[in-house]
Each structure stands twice: as C-alpha cells, then as structure tokens.
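In the working numbering, the protein residues as written are 996 to 1156.
1. Kindly indicate which three-state DSSP category residue 1020 falls into: helix, strand or coil?
2. By the three-class DSSP mapping on this structure, what secondary structure does residue 1117 have?
3. Ends of the alpha helix (DSSP H) at residue 989?
4. Which value, in whole angstroms, describes the spacing of the CA atoms of residue 1033 and residue 1100?
5. If we ignore side chains and look at the alpha-carbon of each, how far apart do residue 1095 and residue 1102 end up?
6. How is the alpha helix (DSSP H) around residue 1062 delimited, first residue to last?
7. Can you round the beta-carbon distance between residue 1063 and residue 1006 to whole angstroms, since I take them to be within the 8 Å contact cut?
8. Check whether the Cβ atoms of residue 1027 and residue 1081 lie closer than 8 Å to each other.
9. By Cβ distance below 6 Å, which residues in the same chain neighbour residue 1129 in space, the five residues on each side in sequence not counted?
10. For residue 1035, which residues in the same chain have their Cβ closer than 7 Å to its Cβ, ignoring the five residues on either side in sequence?
11. Which residue's Cα is closest to the Cα of residue 997: 1060, 1072, 1051, 1125?
12. Give the C-beta separation of residue 1019 and residue 1045 to the nearest angstrom, bearing in mind that I take them to be a contact with Cβ-Cβ under 8 Å.
13. Go ahead and label residue 1038 buried or exposed: buried means 16 or more other beta carbons lie within 10 angstroms of its beta carbon, across all protein chains shown.
14. Please determine, among 1073, 1009, 1124, the residue with the shortest C-alpha to C-alpha distance to residue 1052.
15. If you run the structure through DSSP and keep just helix, strand and coil, what is residue 1099?
16. So what's residue 1112 in DSSP terms, helix, strand or just coil?
17. Rounded to whole angstroms, what's the CA-CA distance from residue 1070 to residue 1088? Just pull it up for me.
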C-alpha cells in the first residue's frame, strides 16, 4: 500500500470515529435532559477513548505526510498540499473525505453547543434554587431600641388569599 492509499484509509477511519463520537454526543444530550449522571459519565469515558483514537490517527497521518514529503522532496504540511502530487482520482477521494469530515465536525460542534447550553441552563437553575432556598432559611433578625430582637418568618412562596 502506498502513502496516498494509507492517507485515504486513515481519513475513512477518522470519519467513522467522528460518526461514533457524534452518536455519543447525541446520546449524551438525552442523558443530560434525563439528568442521568451515570449515563453521562459513561458517555464521557467512551468519548475520551474515541478522542484518543482520533489523536492516534492524526499522528499517523502526519507521519505519512512527512514521509511522503521526504520521498517527493516537496513541502507537504496538510492535505491540500497533496493536490499537486496525487492523481485526480486520489485527489477526488481525499477532497470528498475532507468535505465529509468537515460536515460531521460541524454537526458535532452543534451537538456539543446544545449540550453545553443544557448544562449551563441546569447550573443556572440549581444556582437560582440554591439562592431561593438559602434566602428562605437566612436569619432575618431585627433589633429594636430596647435591644430585643424580632424575628420574621419567611414563606417560600408569597401567597395572598
């Protein structure tokens, strides 16, 4: 197998991993909505493994690009630099895979933004409820001129009948 074929193979593998990460991210959204902490932790562990896989694939791809650059005696730092040294057929495959990767990464970003928004909303709600409850139980002692304290009982909800 030559270098270009291996790069195409790595891009295909990377796409499959990103698909799995996207599925995990969508599943994580469900767990966030359900407030299923153990499910979220499980998903995070799986995402970590997939991220490590992506890093390894990227590292291997970069090594192959470096070896190809040395072989062709040309500067090759990214996939676009391959356009001038591969066949039109190979370039089409690489370009198609780049587009597919770009699309799935965009979908993944949207899913992650949604998850971040859901978590942020949940934290804001928790903070709000903490403030409401803590203000209910806070001491509202007022002292009179004679030094005696008067206590006011607070209601959690202001209800007028």
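Cβ coordinates follow ideal geometry from the N, Cα and C atoms, glycine included.
Taking the geometry as given:
1. helix
2. helix
3. No information on residue 989 is available, as it lies outside the stretch 996 to 1156 that the chain covers here.
4. 26 Å
5. 11 Å
6. 1032-1067
7. At roughly 14 Å, the Cβ-Cβ gap does not stay under 8 Å, so residue 1063 and residue 1006 are not in contact.
8. no
9. none
10. 1023, 1026, 1027
11. 1060
12. 7 Å
13. buried
14. 1009
15. helix
16. helix
17. 21 Å
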